[in-house]
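Numbering (the working numbering), first residue to last: 48 to 247.
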């Protein structure tokens, strides 16, 4: 089981290959991303509390949430859908003992929403807002190099002019992720759940 879990983590470390099997269960994919990218495992006893397959199984079985499907333009023709999760809608379905509850602590910063894009044809998924990592550049490559509309390729110019998703700013993401001197305060599209609340 541990080998299986490690292989899953290795796969998830390569965004362009995530869930390459045809699996379009957005809720399951969200749970995996949340577990790997967002969940803070409480290390009160580091020898017994580790992020392994049994802890993921617990997380998967006791959590539930409702996803919002985002409106988009252009993507339905090439099989992409976009989902938003408000983290305050994440529910624990049963009473947990103290160790379980501490192990599944999830913390949020000033931003409490996360968005993924999902290719319903291939099962590939992409973190596009709110996570610690952002897969927009891999997403852009997959769109422009591996898709076509009416046998015509999709150029980056065409993509930025014609493809839209509510709550996402593709121009901002493209500029921010290509900026060698990345300043998240300059690019609000890269805000993360873990960013602290700054008070003056």
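Note that the Cβ used here is the ideal one computed from N, Cα and C, for glycine as well.
Asked: Secondary structure of residue 74, DSSP reduced to three states; Found: helix
Asked: Residue range of the alpha helix (DSSP H) that includes residue 221; Found: 217–225
Asked: Local Cβ density within 10 Å of residue 201, reported as buried at 16 or more and exposed below that; Found: buried
Asked: Alpha helix (DSSP H) runs contained entirely in the region 105–190, provided each spans 4 or more residues; Found: 145–150
Asked: Euclidean distance between Cα positions of residue 107 and residue 134; Found: 15 Å
Asked: Residue 207 - containing alpha helix (DSSP H), residue span; Found: 203–209
Asked: Proximity test, residue 193 beta-carbon vs the ligand ATP heavy atom, cut-off 7 Å; Found: With respect to small molecules bound, the structure shown includes none, and the ligand ATP cannot be examined in it.
Asked: Anticipated Cβ contact below 8 Å, residue 174 with residue 80, distance rounded; Found: 6 Å
Asked: Environment of residue 188 [buried if 16+ CB atoms lie within 10 Å]; Found: exposed
Asked: Cβ-based neighbour list, residue 194, same chain, cut-off 7 Å, excluding 5 preceding and 5 following; Found: 125, 201
Asked: Status (buried if at least 16 other CB within 10 Å, exposed otherwise) for residue 157; Found: Since pLDDT at residue 157 reaches only 49, below the 50 mark, its modelled position is unreliable, and no value is offered.
Asked: Per-residue burial, residue 215 [other beta carbons within 10 Å of its own, 16 or more giving buried]; Found: buried
Asked: Best match in 138, 121, 141, 159 for proximity to residue 239 [C-alpha to C-alpha]; Found: 159
Asked: Backbone CA spacing between residue 144 and residue 138 [nearest angstrom]; Found: 16 Å
Asked: Beta-ladder partner(s) of residue 196, from DSSP; Found: 199
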